[in-house]
Amino acid sequence: MKTISLEELENKLTAAGQAHLLRFWPQLDDAGRERLAAEIMAIDWGQVSRMQQLIAETGPGESRGDIAPAPVARIDAAETQRSRREGHAALAAGKTAVLLVAGGQGSRLGFDGPKGAFPVGPVSHASLFEIHARKVLALEKSCRAGIPFLVMTSRANDAQTRAFFERNDYFGLTPERVWFFTQGMLPAMLPDGRLILEAPDRLFLAPDGHGGVLAALKRVGLLDKLAAHGVETVFYFQVDNPLAQIADPVFIGFHRRQRARMSLKVCVKRSPDEGLGVVAVRGGSNVIIEYTELTEDQKQAREHDGALRFGYGSVAIHVFSLDFLAQQAERELPLHRAYKKIPVCAENGRTEMPASPNGFKFERFIFDVLPRAERVALVPFEREHEFAPVKNATGEDSPDTARAAMIRRFAHDLREAGVDVPRDAAGMPRFAIEIDPLYAADASELRRKLPPEFRLNGDIYLR
Ligand code: UTP
């Protein structure tokens, strides 16, 4: 790398109003100076000024305009059959890849390690990664085809994530088909527009959001690699949902049959105040409106039949056409700001965590590509069967609620397969139940596999 003089650095930073980034320079050793200089040289100044504009905005930003609920697909039994056939054919022909975004910091869960390594299996204590990987493996077996499994990490968890897969023999997957890649990082900003030093020789940087997946896929050449492998359709999901029905053939097939550019699984919101983003139409385009952006009237509005007008939420389970992703990777996604606690380097050179929020972090969201998709399909699903996110350490959307949802889901499949599942007084299955995806993916497979004499009389892990 070309070395840069202190004077050049000073000039650059003074012009940008960021001279404070050099305040520890005299105390730094050569390695520290080199490191800090490299970070400063890598700053995208156009982006910094967009961040400054963004934090200067006081209101909700752009005027929201009128919104209407986006139409949700009605998929009858015949269409389900046709979509399933199409989805299976696309999987079997190697036209589908699975994309997992796992670069988040998981700060709410507070687990020491990548969130994907969190043990969530109610009986097996299998990790989220293991549960996802075994579903991909089960699908590869049932379709008799290899499915590229892309895992996005971030700088903070990349090495740990790779090591976790290696230590666990990739959970049975073929390592050559598990493609790790790392998302980008963005600086944070004080309310006065200054970038933040975390240590004397280091800027504070945070992962650039799940929307960073587009730029990252392009940067490492994975979009081309997927195309070269004949992939046309990409199933996208997030690491924290152990119930995700990975590469659901009906979902994939419906997306393809509709010639959609992006499809979203949507479920009925539990209440007006549930924090899911809703899909709406604004100015002729589909958009995700975050819960915080709905007015109270919009949140509470009901249709004649009593259903919430903006009643369908997106749970970040999507299907994309590869060429749409490639097209969108050429364009920047907008930045979003969030006021957060950010560690700063104090005058004594130590890193200090403030007691309350002190600055803005920035992220890009994958769903910001939605308005740019000419054709979109919204596919409804039963949330209790496919959505149980692990977000918080306790309470709502926690490991406890996710495990309970898994047990209910497996109990439902067992009942469908004709097994008597005893319940407790609260209606919950009396025993902990878990089914390895390789044992059975659904009730019909269970019915074929379970021995006729099978009885449920204790905790069980079917594998
Ligand atoms: P969340 O928005 O729940 O964030 O991510 P998080 O980082 O996991 O958790 P908190 O907010 O710090 O508690 C939803 C999904 O998007 C991924 C996460 O790994 C998760 O699968 N994600 C999020 C990324 O891959 N990169 C990011 O920069 C942010």
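Per the numbering used here, the very first residue in the sequence shown carries number 284; after that it's consecutive. C-beta: ideal position from N, C-alpha, C; glycine also. All values derive from a computational prediction rather than experimental measurement.
Of all the options F401, K624, I326 and L289, which has the alpha carbon lying nearest to the alpha carbon of P309? Numbered from its first residue, the sequence shown carries residue 309 at position 26. Of F401, K624, I326 and L289, the residue nearest in Cα terms is L289.
Which residues in the same chain have their Cβ closer than 8 Å to the Cβ of W328, if we skip the five residues on either side of it in sequence? Numbered from 1 along the sequence shown, position 45 holds the residue referred to as residue 328. Correct list, in chain order: A299.
How about M435: is its Cβ closer than 7 Å to a heavy atom in the ligand UTP? Counting from one through the sequence shown, the residue named residue 435 turns up at place 152. Because some heavy atom of the ligand UTP lies under 7 Å away, the Cβ of M435 counts as near it: yes.
Which stretch, first to last residue, makes up the beta strand (DSSP E) that contains E646? Translated into the one-based positions of the sequence shown, residue 646 becomes position 363. It spans G642 to E646 - the beta strand (DSSP E) in which E646 sits, taken as one unbroken run.
Could you tell me the alpha carbon to alpha carbon distance between I600 and Q443, rounded to whole angstroms? Taking the sequence shown and counting its residues from 1, the one referred to as residue 600 is at position 317. Taking the sequence shown and counting its residues from 1, the one referred to as residue 443 is at position 160. I600 and Q443: Cα-Cα distance of roughly 25 Å.
Are at least three pairs of beta-carbons, each pair with one atom in the stretch 315-327 and one in the stretch 477-488, less than 8 Å apart? Taking a cut-off of 8 Å for Cβ pairs, the stretch 315-327 and the stretch 477-488 touch, as three or more such pairs fall below it.
Contact belief for L642 with K623 at Cβ below 8 Å, rounded distance in angstroms: Translated into the one-based positions of the sequence shown, residue 642 becomes position 359. Translated into the one-based positions of the sequence shown, residue 623 becomes position 340. A small fix is needed here, since residue 642 is Gly in this sequence, not Leu. Contact flag correct, Cβ pair sits at about 7 Å.
A688 lies in the alpha helix (DSSP H); which residues open and close that run? Your numbering for residue 688 matches position 405 in the sequence shown. Residue range P682 to E699 is occupied by the alpha helix (DSSP H) that includes A688.
Might you give, ordered along the chain, the residues of its own chain that have their beta carbon closer than 8 Å to the beta carbon of L420, omitting 5 neighbours on each side? Within the sequence shown, residue 420 is the residue found at index 137, counting from 1. Counting only Cβ-Cβ distances below 8 Å, and skipping sequence neighbours, we find F454, G455, L456, P720 and L721.
Just to confirm, does Q541 get its C-beta within under 7 Å of one of the non-hydrogen atoms of the ligand UTP? On the sequence shown, residue 541 is found 258 positions in, with the first residue counted as 1. Not under cutoff, so the answer is no.
Burial state of S410 (16 or more Cβ within 10 Å): Here residue 410 refers to the residue found at position 127 of the sequence shown. Flag for S410 reads buried.
Does DSSP put V627 in a helix, a strand or coil? Locating residue 627 in the sequence shown gives position 344, counting from the first residue. It is a strand residue.
When DSSP labels each residue in this structure, what does Y519 get in the three-state scheme? Reading the sequence shown from its first residue, position 236 is the one you call residue 519. In the three-state DSSP reduction, Y519 falls in the strand class (E or B).
Going by other Cβ atoms of all chains shown within 10 Å of its Cβ, with 16 needed for buried, is K732 buried or exposed? Against the sequence shown, residue 732 aligns to sequence position 449. Under this definition K732 is an exposed residue.
Can you tell me which of E699, I716 and A708 puts its alpha carbon nearest to the alpha carbon of A688? As a first step, residue 688 is located in the sequence shown; it is residue number 405 there, counting from the start. If we check each option's Cα against that of A688, I716 comes out closest.
Compute the minimum distance between the beta carbon of R391 and the heavy atoms of the ligand UTP, and state whether it is under 7 Å. Within the sequence shown, residue 391 is the residue found at index 108, counting from 1. Yes, Cβ of R391 sits closer than 7 Å to a heavy atom of the ligand UTP.
Am I right that V384 and M435 are in contact with their C-beta atoms under 8 Å? What's the rounded C-beta distance? The sequence position of residue 384 within the sequence shown is 101, counting from 1. The sequence position of residue 435 within the sequence shown is 152, counting from 1. Between the beta-carbon of V384 and that of M435 there is about 5 Å, and that keeps the pair under the 8 Å contact cut.
Should G642 be flagged as near chain B, meaning a C-beta pair shorter than 8 Å? Among the chains of the structure shown, chain B does not appear; only one protein chain is present.
Among F670, G678, T677 and K548, whose alpha-carbon lies nearest the alpha-carbon of R691? In the sequence shown, counting from the first residue as 1, residue 691 sits at position 408. Closest in C-alpha terms to R691, from the list F670, G678, T677 and K548, comes F670.
Segments assigned alpha helix (DSSP H), at least 4 residues, entirely inside the stretch 475-559: The qualifying runs are 495-502, 505-511 and 532-540.
If R540 and R365 are in contact, beta carbons under 8 Å, what's the gap, nearest whole angstrom? On the sequence shown, position 257 is the one that residue 540 refers to. On the sequence shown, position 82 is the one that residue 365 refers to. The Cβ separation is near 7 Å, so the contact holds.
Looking only at its own chain, which residues have a Cβ that is under 6 Å from the Cβ of L616, when we skip the five neighbours before and after it? Looking up residue 616 in the sequence shown gives position 333. Excluding residues within five positions, the ones whose Cβ falls inside 6 Å are G494, R647 and D651.
Buried versus exposed, by CB contacts within 10 Å (16 or more), H371: Within the sequence shown, numbered from 1, the residue matching residue 371 stands at position 88. Buried, by the Cβ-count rule.
Measure the Cβ-Cβ separation of I414 and T379 and say whether it is below 8 Å. Here residue 414 corresponds to residue number 131 of the sequence shown, with the count starting at 1. Here residue 379 corresponds to residue number 96 of the sequence shown, with the count starting at 1. In this structure, T379 does not lie closer than 8 Å to I414 by Cβ.
My understanding is that A511 touches L374, with C-beta atoms under 8 Å, so please give their C-beta distance in whole angstroms. By one-based count along the sequence shown, residue 511 stands at place 228. By one-based count along the sequence shown, residue 374 stands at place 91. A Cβ-Cβ separation of about 18 Å leaves A511 out of contact with L374 under the 8 Å criterion.
So does Q443 have its beta carbon nearer than 7 Å to some heavy atom of the ligand UTP? Position 160 of the sequence shown, counted from the first residue, corresponds to residue 443. Q443 Cβ: outside cutoff for every heavy atom of the ligand UTP.
Between K623 and the ligand UTP, is the CB less than 7 Å from at least one heavy atom? The count along the sequence shown starts at 1 and reaches residue 623 at position 340. K623 Cβ: outside cutoff for every heavy atom of the ligand UTP.
If we ignore side chains and look at the alpha-carbon of each, how far apart do T677 and F401 end up? Here residue 677 refers to the residue found at position 394 of the sequence shown. Here residue 401 refers to the residue found at position 118 of the sequence shown. Computed Cα separation, rounded: 14 Å.
Would you say the beta carbon of A385 is closer than 7 Å to some non-hydrogen atom of the ligand UTP? Here residue 385 is taken as the residue at index 102 of the sequence shown, counted from 1. Yes, the Cβ of A385 comes within 7 Å of a heavy atom of the ligand UTP.
DSSP three-state assignment for G311, whether helix, strand or coil: Your numbering for residue 311 matches position 28 in the sequence shown. With the sequence shown as reference, residue 311 is identified as Leu, and Gly is not the correct amino acid for it. In this structure, L311 counts as coil in the three-state DSSP scheme.
Output yes or no for whether 8 Å exceeds the beta carbon distance between P405 and N440. The residue given as residue 405 occupies position 122 in the sequence shown. The residue given as residue 440 occupies position 157 in the sequence shown. Against a cut-off of 8 Å, the Cβ pair of N440 and P405 comes out as no contact.
Given that a residue counts as buried once 16 or more other Cβ atoms are within 10 Å of its Cβ, and exposed if not, what is M545? For the purposes of this step, residue 545 is taken as the residue at position 262 of the sequence shown. Residue environment: M545 is assigned as buried (16 or more neighbouring CB atoms within 10 Å of its CB, all protein chains considered).
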